[in-house]
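**Student:**
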Amino acid sequence: MVKNVLVELEKRMKVSVEHFRKDLSKLRTGRANLSIFEDIKVDYYGSLTPINQVATLGVPDPTLITVQPWDPSTLDAIDKAIRNADLGLNPVNDGKMLKVPIPPMDEERRQEMAKHIKKLLEDEKTALRIMRRESKEAIEKLEEDDEITEDDKFWGFDKLQEVTDEYTKRIEELADAKEKEVLEV
0 MVKNVLVELE KRMKVSVEHF RKDLSKLRTG RANLSIFEDI KVDYYGSLTP INQVATLGVP
60 DPTLITVQPW DPSTLDAIDK AIRNADLGLN PVNDGKMLKV PIPPMDEERR QEMAKHIKKL
120 LEDEKTALRI MRRESKEAIE KLEEDDEITE DDKFWGFDKL QEVTDEYTKR IEELADAKEK
180 EVLEV
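FYI, numbering that gives the first Met the number 0 numbers position 152 of the sequence shown as 151, with every residue one higher than the one before it.
Spelled out as structure tokens, the structure:
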């Protein structure tokens, strides 16, 4: 019974860590990274389509992303989508493809980004604590319903804390690595 609660908690925490990893990968760091385009949708013949489904994306060097549309008539729509994505990027249209220079971040912007990473980390830690609390309540309910013993309950609480600590450590490591990348000049 307690093991089921722990397995469910671990599944939820894995999903949460993966979500956190994706959020961090979308942050602009001053280096070209295709994941910043992940959420950009292009108006492609009346329907919003992910940019990677209408063009080939490339990173020829650390300060440039290239966007080669499969259909040249969509070049202006892709340009507009990138500009409207609020990433602070200005694509250069050469008639065949877009070249998106990634501007270097100034020190103030780096500090802002580091603060933002810390805020994301705190939000994620809060989410993990909420999951732990819900699982703890589920274990307490099992004991109330006489489905488990008091020893099982305390064993479950210890395991809950171990799982929570493990996943908290994982997200802290992800945040530290991203913060280091952002602050690196």
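We put the CB at the ideal spot given by N, CA and C, even for glycine.
(1) Is the distance from the Cβ of Val66 to the Cβ of Val53 below 7 Å?
(2) Quick test of the definition: if touching needs 3 or more C-beta pairs under 8 Å, does the region 114–123 touch the region 90–99?
(3) Can you find the residues in the same chain that come closer than 6 Å, C-beta to C-beta, to Thr48, ignoring five residues on each side of it along the sequence?
(4) Name the two residues that bound the continuous beta strand (DSSP E) containing Tyr43.
(5) So is Arg239 buried or exposed if we call it buried at 16+ other beta carbons inside 10 Å?
(6) Of the residues Lys158, Leu74, Thr62, Lys152, which one's Cα is nearest the Cα of Met194?
(7) For Asn262, which of helix, strand or coil comes out of DSSP?
(8) Determine the contact status of Ile81 and Leu88, defining contact as a CB-CB distance below 7 Å.
(9) Where in the region 54–100 do unbroken runs of the beta strand (DSSP E), each at least 3 residues long, occur, reported from the N-terminal end onward?
(10) Use the C-beta contact count for Tyr44: other C-beta atoms within 10 angstroms, 16 or more gives buried, fewer gives exposed.
(11) Are the CB atoms of Lys25 and Ser15 nearer to each other than 7 Å?
(12) Relative to the C-alpha of Leu159, which residue among Glu107, Leu97, Ala137 is closest?
(13) Bridge partners of Ser199, per DSSP?
(14) By the three-class DSSP mapping on this structure, what secondary structure does Thr167 have?
**Tutor:** Answer, in terms of the structure:
(1) no
(2) no
(3) Taking Thr48 as the centre and dropping the five residues before and after it, the same chain places the C-beta of Val41 closer than 6 Å to its C-beta, in chain order.
(4) 40–43
(5) Outside the shown range of the chain (0 to 184) lies residue 239, about which nothing can therefore be said.
(6) Only positions 0 to 184 of the chain appear in the structure, and residue 194 is not among them; the question remains open.
(7) Limits of the chain in this structure are 0 at one end and 184 at the other, which puts residue 262 out of reach.
(8) Yes, these two residues count as a Cβ contact at 7 Å.
(9) 54–60, 63–68, 97–100
(10) exposed
(11) Ser15 is positioned such that its CB atom lies no closer than 7 Å to that of Lys25.
(12) Ala137
(13) Summary: the structure shown does not reach residue 199, with the chain confined to residues 0 through 184, and so no result is reported for it.
(14) Reduced to three states, the DSSP call for Thr167 is helix.
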